[in-house]
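Its first residue numbered 1, the sequence shown is counted upward by one per residue in UniProt numbering. Even glycine gets a Cβ: it sits at the ideal position worked out from N, Cα and C. Please read these numbers as outputs of a predicted model, since none were measured by experiment. This report refers to the structure that appears directly beneath it.
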Amino acid sequence: MTCLVPGCKSNYHSQGDSYVPTFSFPTDVETREKWFRAIPRPKGDYEENKRFLVCIHHFREEDIERNIEYYNGVEMIKMPRKKVVLKKFAVPSIFPNCPTYFTDAVAKTQRLSLDDKEEKRMQDVYKKSRTEFQETEAKFRISSLSCIISKLHMIELPNGWLFHRPDSSNILFLKIQFCDEVSTIER
1 MTCLVPGCKS NYHSQGDSYV PTFSFPTDVE TREKWFRAIP RPKGDYEENK RFLVCIHHFR
61 EEDIERNIEY YNGVEMIKMP RKKVVLKKFA VPSIFPNCPT YFTDAVAKTQ RLSLDDKEEK
121 RMQDVYKKSR TEFQETEAKF RISSLSCIIS KLHMIELPNG WLFHRPDSSN ILFLKIQFCD
181 EVSTIER
């Protein structure tokens, strides 16, 4: 499966290189038209029914999804994909074997598309949430009795409960209940 971009020799047998991933033209009409406009090739040079492919070398790294990410309830897991895919609105923009004016200015400035901005925002929110969780977990982590004693002032006990330290090695948690004008204490 050879690349449509003029001057690109990806996947030609004569090159002897290993396989280079290629991508079919998008089915979305608007994005497909963007691909046709971006690739430095006369529009009449495309045969309507032919399957067109563009290799990975013509896309910015941020346009390519190499990993699958999912949240397992505790942390974000990232695994490499068996086959790389393009992000939804990716458009080829790197044409090294063509005059430099064909290479899209967007690739040079690496501006983020709306999808990229939303993805970055979500990653930032996730990182902030994860950091806050870790800080809270560290703040309330209890590994020994002395740790409990040092954090007693931060513990909010349920209504009716209180604690008492008769000595340095004991803590009593007490619940005072009133039944028929008589108070009882549970330990």
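| Asked | Found |
| --- | --- |
| Assigned secondary structure, Y19 (DSSP; H/G/I helix, E/B strand, else coil) | coil |
| Within 8 Å, strictly: CB atoms of P40 and P96 | no |
| Under the three-state DSSP convention, the category I148 falls into | helix |
| Three-pair Cβ contact test at 8 Å for the segment 65-79 versus the segment 14-33 | no |
| Residue nearest to D28 in terms of C-alpha spacing, selected from Q123, N170, K87, H153 | K87 |
| Exposure label - C179; buried when at least 16 CB within 10 Å | exposed |
| Residue environment, H58, which counts as buried when at least 16 other CB atoms sit within 10 Å | buried |
| Backbone CA spacing between A105 and T131 [nearest angstrom] | Because the pLDDT of A105 is 46, which lies under 50, any placement of that residue in the model is unreliable, and the number read from its coordinates should be weighed accordingly. Using only the alpha carbons, I get a separation of about 36 Å. |
| First through last residue of the alpha helix (DSSP H) which encompasses E88 | First, the amino acid is wrong: residue 88 is Lys here, not Glu. Where K88 is concerned, there is no enclosing alpha helix (DSSP H), given that its DSSP letter is neither H nor E. |
| Straight-line gap, V91 to F133 (C-alpha atoms, nearest Å) | 38 Å |
| Buried or exposed by the 16-neighbour rule on C-beta atoms within 10 Å, applied to L4 | buried |
| Straight-line Cα distance separating K117 from K151 | 41 Å |
| Reference D124, options K34, M76, K175, closest by Cα | M76 |
| F36, enclosing beta strand (DSSP E) - first and last residue | From DSSP, F36 is part of no beta strand (DSSP E) but of the alpha helix (DSSP H) over 29-38. |
| Spatial neighbours of S168 in its chain, beta-carbon cut-off 6 Å, leaving aside the 5 residues before and after | none |
| Distance between R121 and T109 (C-alpha atoms, nearest Å) | Any answer about T109 is weak, because its pLDDT of 39 lies below 50 and its placement is not dependable; what the coordinates show is given next. Distance between the alpha carbons of T109 and R121: 19 Å. |
| Beta strand (DSSP E) segment containing P166, residue limits | 161-167 |
| Where the beta strand (DSSP E) through N170 begins and ends | 170-179 |
| Euclidean distance between Cα positions of H164 and F173 | 6 Å |
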